[in-house]
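**Student:**
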Amino acid sequence: MYPVRCLSSVMNRKNALLFVAILLIGGLATLQYLRRSYEYKSNQFLMDTLVTITVHGKDETQLKQAVTEAYTEMHRIADLADGFPQPGTAAYNSSDVCRINQQAGKQPVRVDRDTIEMLLLAKKYNRLSDGAFDVTIGPVMELWGFGGKNPHVPPADKLREALKLVDSGNLEVNETEQTAFLRKTGMKLDLGAMAKGYATEKALQVIKKHGIQKAMIDAGGNIRVLGSNLQGKPWRIGIKDPRKSDGIVAVLPLENSSAVTSGDYYRYFEAGGKRYHHILDPRTGYPATNSMSVTAVTRDAGLADILSTVFFVLSPGNALDLARTMAGVELFLVSADGHIRHTPPLLSRLEVKPGESYRYDQGR
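Each residue of the sequence shown is one higher than the one before, counting from 12 in this note's numbering.
#1: Return the Cβ separation of Met152 and Leu291 in integer angstroms, given the expectation that the two are a contact with Cβ distance under 8 Å.
#2: Could you tell me the distance, in whole angstroms, from the CA atom of Ser85 to the CA atom of Ala210?
#3: What residues in its chain sit with their C-beta under 8 Å from that of Glu188, if we drop five residues either side in the sequence?
#4: Check whether the stretch 246-256 and the stretch 88-102 touch, using three or more Cβ-Cβ pairs below 8 Å as the test.
#5: Are the stretch 166-175 and the stretch 217-226 touching by the rule of at least three beta carbon pairs closer than 8 Å?
#6: Rounded to the nearest angstrom, what separates Asn301 and Lys69 at their Cα positions?
#7: With distance defined between alpha-carbon atoms, name the residue in Leu132, Phe157, Lys199, Phe95 nearest to Leu174.
#8: Please list the terminal residues of the continuous beta strand (DSSP E) segment that includes Glu50.
#9: Which residue from Gly349, Leu241, Leu131, Pro365 puts its Cα closest to that of Arg47?
#10: Between the C-alpha atoms of Arg352 and Ser268, what's the straight-line distance to the nearest angstrom?
#11: If we ignore side chains and look at the alpha-carbon of each, how far apart do Ser273 and Ser319 end up?
#12: Would DSSP call Ala173 helix, strand or coil?
#13: Do Val308 and Ala270 have their C-beta atoms within less than 9 Å of each other?
#14: Could you work out which residue in Glu80, Ala315, Leu176 is closest to Glu341 when comparing CA atoms only?
#15: Are Glu50 and Val66 close, meaning C-beta to C-beta below 9 Å?
#16: The alpha helix (DSSP H) that contains Ser319, what's its start and end?
#17: Can you tell me which residues form a DSSP beta bridge with Phe192?
#18: Of all the options Thr354, Arg87, Gly142, which has the alpha carbon lying nearest to the alpha carbon of Leu57?
#19: So what's His288 in DSSP terms, helix, strand or just coil?
#20: Using the DSSP secondary-structure output, state which residues sit across from Trp246 in a beta bridge.
#21: So, at 7 Å on beta carbons, what are the nonlocal neighbours of Asp123 in its own chain, with the 5 sequence-adjacent residues on each side left out?
#22: Does the Cβ of Arg235 have 16 or more other Cβ atoms within 10 Å, making it buried, or fewer, making it exposed?
#23: Three-state secondary structure (DSSP) at Arg294?
#24: Does the stretch 175-195 come close enough to the stretch 152-162 that 3 or more CB-CB pairs lie under 8 Å?
#25: Taking only the alpha-carbon atoms, compute the straight-line gap between Arg370 and Phe157 and give it to the nearest angstrom.
#26: Output the boundary residues of the alpha helix (DSSP H) element that contains Ile88.
#27: Which class does Thr60 belong to by DSSP, given the choice of helix, strand or coil?
#28: Nearest-angstrom Cα distance between Gln114 and Arg194?
#29: Assuming Tyr387 is part of the beta strand (DSSP E), what are its boundary residues?
#30: Here's the rule: buried if 16 or more other CB atoms are within 10 angstroms of the residue's CB, otherwise exposed. What is Lys207?
#31: With Leu202 as the anchor, note down where its beta strand (DSSP E) starts and where it stops.
#32: Taking the alpha carbon of Asn185 as the reference point, which residue from Ala204, Asn233, Asp125, Gly142 has its own alpha carbon closest?
#33: Would you grab the beta carbon distance between Thr60 and Gly231 for me? Rounded to a whole angstrom, and I think it's under 8 Å.
#34: Leaving out five residues on either side along the sequence, give the residues of the same chain with a beta carbon under 8 Å from the beta carbon of Tyr82.
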């Protein structure tokens, strides 16, 4: 019996040493992988916000090339969608939106395939939201002056007249001819509620074509991630506190998805003791008042950008009801009365930090 016990003891020691060796080899392999992986990060000011692209991979030259091409694609989409291009800029000669607006009531304009795709999406979600999303809001946005240096509350009579021109039913999009046409003179497109998300998604697809598997694009409230972070874990995205510049109300783990936040704190002015932000309800012509902050979560950044505006304009109840009918779409919001609400599937993923300022209506 003794030799057997001795053999067992020896084998146990060998197994233990083998196990330790495997752990060491695994740890070294992981360390070597991390050492072979580069992180490349680049910033550009684009589409009225700071855009940061972060990519991970083993070939530093490839990473830089991918990011360069991603920014080129974002600039291209931005130029197509620019409604107020300045003389001498690339957008001045390439803006589809500007050319469509100039020919309103006159004739169809042949445009880029991506412009057609954006306009078709815009018409789809105009119908789905019962008019809460409308890219023909250009005349109203222009009255408020949010595209310039001196935004202001417009006269009520002028606002009523401008609202008569807001109607996506009068936007014709011809896929076959690749043309777009605004039927009434004075109508104007404004793609500000969707172009940044669309450009972000297009840039992400450029990065994927380079074989990169880990990346994040942060376009000022528009987040799109590819894969996991360098540690193999989900990217952790902070959802900003709408009333504290340095605070967050939740942390959202994200993989292969997009999270886009619309808030009343991004671009606003104050007049007569009241805050006026740039997210206008196309049905009234005034800033939407139902929420302080809305985050739409879905796989596509272009769709998330559209939905964050739709959900912001709708009442919280209607926004949550609509989100529940849409496959692969989740919603987190802070309502105007300080209630935090979200779609049920987010319950297991979110880290909510309501603090003393908000009431958390868990899972509702």
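Note that beta-carbon positions come from the ideal geometry of N, C-alpha and C, so glycine has one too.
**Tutor:** Put simply:
#1: 7 Å
#2: With the sequence shown as reference, residue 85 is identified as Met, and Ser is not the correct amino acid for it. Using only the alpha carbons, I get a separation of about 5 Å.
#3: Pro119, Arg121
#4: no
#5: no
#6: 46 Å
#7: Lys199
#8: 49-57
#9: Leu241
#10: 20 Å
#11: 6 Å
#12: helix
#13: yes
#14: Ala315
#15: yes
#16: 312-324
#17: Glu183
#18: Arg87
#19: strand
#20: Leu265
#21: Leu91, Asp107
#22: buried
#23: coil
#24: no
#25: 32 Å
#26: 71-92
#27: strand
#28: 9 Å
#29: Outside the displayed span of the chain (12 to 375) sits residue 387, for which this structure offers no information.
#30: buried
#31: Neither: Leu202 is in no beta strand (DSSP E) and is coded neither H nor E.
#32: Asp125
#33: 3 Å
#34: Ser53, Gln55, Leu57, Val62, Ile64, Ala214
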